Amino acid sequence: MRLFALPLIFSMILFGKTLTAQTGTCGDADTPCSVESGDYYMAMPDSAPKGLVIHLHGAGARASGLLNSGMAREALARGYAFVAPEGYHPNSRFVRNWSVRANESFFERDDALFLREVLADVRAKTGVTDEPVLLAGFSRGGSMVWDIACHDPEFATAYAPLAGAFWDDLPEVCAAPVMLFHTHGWNDRTVPLEGRSFRDGQVVQGDVWASLKVLRETNGCDARQPERNSFEGDLWFRHWTDCTAGKIELMLHKGGHGAPKGWATRMLDWFEAQTG
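Note that the sequence shown covers residues -23 to -1, 1 to 253 in mature numbering (1 follows the signal peptide of the UniProt record, and there is no 0).
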């Protein structure tokens, strides 16, 4: 176990499948770390972290629950610090949610600013300054990942949204090319690939295909169609790897609103292939 100068002592306790983490006086499931705009949770590997994996929960979920997730265990095993910010909007239908750009007028907090505060605080606590960062997220958290990738592309080294994309109105273009691996269930009825509307059409989930089109144009994928497609059992892939800049990967699975088996391992394999 790596020791930091007091008071920044980090500890991690692993009991079977239950994972908790503590950073001095904050970070575990009972005691979140705090920044000006909100809270986050963090788990540290046994040695000096070689980078950060930040994972955004879905609407209605708790960030603390991600400390026990497969993504957390996989990230820690590979030597990354794992960070789970809390999307918190007390006046929202889902108290734990994210203020994606298209719906930001419905929410109290600017979550793009909040995530920047979290990243700065994590870097100050851990000393991880130049190492790679993966920003991942599920469902509404996945939509937040798309927003950050598009409007603040320097936030992370790479992006891995799961079952969530832009909401309408979609941006016409993003700020800069990025590396992004999007995963979606073919039978997802909660966030369908084509999106769906709420509140008599006032709020509309964006079309995943349209989201990919925006990013293709930003990345300079002039051919539109992917360079190649591939298949692995029940997983179907489309690879845009010959664009002017950045990379886009799409992975579809036969399931619904969730992750396919082995998603965390595959995401981190892909991330390390981009940064290794």
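C-beta atoms are modelled at their ideal positions from N, C-alpha and C, and glycine is treated no differently.
Treat the numbers as computed from the prediction; the structure is a model and nothing was measured.
Starting from residue i and walking both ways along the beta strand (DSSP E), at which residues does that stretch end?
{"i": "residue 19", "result": "15 to 20"}
{"i": "residue 65", "result": "It is not in any beta strand (DSSP E) - residue 65 carries neither H nor E in the DSSP assignment."}
{"i": "residue 135", "result": "135 to 139"}
{"i": "residue 215", "result": "212 to 217"}
By DSSP, does residue i sit in helix, in strand, or in coil?
{"i": "residue 93", "result": "helix"}
{"i": "residue 262", "result": "There is no way to answer for residue 262, as the model of the chain reaches only from -23 to 253."}
{"i": "residue 151", "result": "coil"}
{"i": "residue 115", "result": "strand"}
{"i": "residue 41", "result": "helix"}
{"i": "residue 224", "result": "strand"}
{"i": "residue 207", "result": "strand"}
{"i": "residue -5", "result": "The predicted position of residue -5 is uncertain, since its pLDDT is 40 and thus under 50; no value can be drawn from it."}
{"i": "residue 145", "result": "coil"}
{"i": "residue 235", "result": "coil"}
Please name the residue or residues paired with residue i in a DSSP beta bridge.
{"i": "residue 174", "result": "181"}
{"i": "residue 88", "result": "Residue 88 pairs with nothing; no bridge assigned."}
{"i": "residue 161", "result": "229"}
{"i": "residue 30", "result": "59 and 111"}
{"i": "residue 128", "result": "DSSP lists no partner for residue 128."}
{"i": "residue 121", "result": "Partner(s): none; residue 121 has no beta bridge."}
{"i": "residue 5", "result": "8"}
Throw me the rounded Cβ distance for the residue i and residue j pair, which I believe falls under 8 Å.
{"i": "residue 204", "j": "residue 218", "result": "5 Å"}
{"i": "residue 296", "j": "residue 141", "result": "In the structure as shown, the chain begins at -23 and stops at 253. Residue 296 is therefore absent and cannot be evaluated."}
{"i": "residue 233", "j": "residue 164", "result": "5 Å"}
{"i": "residue 30", "j": "residue 54", "result": "Not a contact, Cβ separation roughly 11 Å."}
{"i": "residue 130", "j": "residue 153", "result": "4 Å"}
{"i": "residue 229", "j": "residue 213", "result": "5 Å"}
{"i": "residue 95", "j": "residue 60", "result": "7 Å"}
{"i": "residue 26", "j": "residue 56", "result": "6 Å"}
{"i": "residue 239", "j": "residue 220", "result": "Actually they do not touch by this definition, with Cβ atoms about 26 Å apart."}
Ends of the alpha helix (DSSP H) at residue i?
{"i": "residue 54", "result": "47 to 54"}
{"i": "residue 250", "result": "240 to 252"}
Would you say residue i and residue j are within 9 Å of each other, going by their C-beta atoms?
{"i": "residue 138", "j": "residue 123", "result": "yes"}
{"i": "residue 15", "j": "residue 58", "result": "no"}
{"i": "residue 99", "j": "residue 151", "result": "no"}
{"i": "residue 19", "j": "residue 4", "result": "yes"}
{"i": "residue 37", "j": "residue 75", "result": "no"}
{"i": "residue 64", "j": "residue 32", "result": "no"}
{"i": "residue 227", "j": "residue 161", "result": "yes"}
{"i": "residue 256", "j": "residue 144", "result": "Only positions -23 to 253 of the chain appear in this structure, which leaves residue 256 out of reach."}
{"i": "residue 135", "j": "residue 111", "result": "yes"}
{"i": "residue 67", "j": "residue 17", "result": "no"}
{"i": "residue 224", "j": "residue 182", "result": "no"}
{"i": "residue 92", "j": "residue 132", "result": "yes"}
{"i": "residue 39", "j": "residue 241", "result": "no"}
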